[in-house]
Amino acid sequence: RTYRKQQHLVLRLQALRRGVLARRLVESRRDAAVSVQCAWRSLIARRRVLAMRRAAIKLQRAWRGLCLRSRMDLEHRAATRIQAVVRQRAACVLVDARRKAARRIVAWLHKLRAEARFKVVLESTTLLASWWRAQAQKRRHKRKLLAVATIRQSWRRLKGRRQDATREAAALVVQRVWRGVLHRVHESRKVSAAIRIQKHARRRLLVALLARKQLAAVQLQAIWRGFAARQQYSKMQVLQARLGRLVRCRSARAQRLAMHASASRI
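Basically our numbering = 1-based index in the sequence shown + 83.
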């Protein structure tokens with residue numbers, strides 16, 4: 084009986100020790116699985132953030148390049164227009180100066196010729212000179228009026244271009260602000276959709292993880308029960324063998340005692 088009690092206590096201690104070891108193994112595997120899942124999720128989140136950051140940088144570069152190119156085009160057009168107006172004005176001034184010099188030279192030559200050849204016809208020459216001067220003054224006045232009109236037209240065109248430039252700049256600013264608002268709204272929608280997708284995926288992963296854990300626990304329980312049943316069966320076989328030996332030994336001793344008793348009686 085003491086041997087059976089000791090054996091039963093030893094079996095209980097062994098079962099408790101194996102249960103503790105099995106629970107520690109399950110907890111260590113669970114902790115390892117949780118750490119691996121955390122690392123994998125953080126890696127996926129970093130990759131997504133890096134991809135979104137690279138896409139945003141590319142979009143910013145493209146948009147800034149487009150803005151710079153549009154500005155350079157506008158400045159180049161304005162510069163070419165200003166150069167054309169300035170050159171036109173310089174050409175007009177040069178032509179007027181040359182015409183004035185030519186008229187002066189012609190008048191001076193006419194005067195010299197008139198004084199050398201036609202001293203008699205001074206009155207006619209004076210009349211012609213006065214008429215010529217009047218015509219020249221009229222022409223100058225007309226040219227001045229044309230120059231003033233051209234300057235006014237050019238000034239009005241320049242004002243219109245400046246107004247168009249300011250309107251275009253204001254329109255670009257409004258477009259930028261609107262596109263920024265649309266981009267922020269789109270990004271917020273993307274972020275909300277990504278958060279929803281992450282929540283749904285995490286729920287699915289948690290459900291799958293719980294199912295896997297349950298399957299693993301069931302498998303571990305089945306393995307442990309099979310192992311315990313095999314151990315108990317082997318121990319029962321050993322006990323049965325020992326009991327058979329004890330019974331045989333006792334029966335042999337009883338036979339021997341009976342034989343001794345019969346021999347002593349005889």
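Beta carbons: idealized from backbone N, C-alpha and C, even for Gly. All of these numbers come straight from a predicted model, not from anything done at the bench.
Quiz item: Quick one: what's got a C-beta closer than 7 Å to Ala232's C-beta in the same chain, skipping five residues either side?
Solution: none
Exercise. Write down the C-beta distance between Ala162 and Ala248 rounded to the nearest angstrom, noting that I regard them as a contact closer than 8 Å.
Key: Contact doesn't hold; Cβ gap of about 12 Å is too wide.
Exercise. Decide yes or no for the touch test of the segment 247-261 against the segment 172-180: beta carbon pairs closer than 8 Å, at least 3 of them.
Key: no
Quiz item: DSSP three-state call for Lys183: helix, strand or coil?
Solution: helix
Quiz item: Taking just the CA atoms, how far does Lys227 sit from Glu206?
Solution: 30 Å
Self-check item: CA-to-CA distance, Leu126 to Met155, given in whole angstroms
Solution: 43 Å
Practice problem: Rounded to whole angstroms, what's the CA-CA distance from Lys202 to Thr209? Just pull it up for me. | Solution: 11 Å
Exercise. Check whether the segment 97-111 touches the segment 302-312, taking contact to mean three or more Cβ pairs, one atom from each stretch, closer than 8 Å.
Key: yes
Practice problem: Could you check the C-alpha separation between Ile140 and Leu133 for me, to the nearest Å? | Solution: 10 Å
Quiz item: By DSSP, does Lys202 sit in helix, in strand, or in coil?
Solution: coil
Self-check item: Sufficient close CB pairs (3 or more, under 8 Å) joining the segment 179-194 to the segment 209-219
Solution: yes
Quiz item: Closest to His311 by CA distance: which of Leu157, Arg279 and Ala98 is it?
Solution: Contrary to the premise, residue 311 reads as Ala rather than His in this sequence. When each option's Cα is compared against that of Ala311, the closest is Ala98.
Self-check item: When Ile278, Leu157, Gln297 and Lys242 are compared against Glu62, the one with the closest alpha-carbon
Solution: As displayed, the chain neither begins before 84 nor continues past 349, which places residue 62 out of reach and without an answer.
Quiz item: Assuming Val109 and Leu292 make a contact with CB atoms under 8 Å, what is their CB distance in whole Å?
Solution: With a Cβ gap of about 14 Å, Val109 and Leu292 do not count as contacting.
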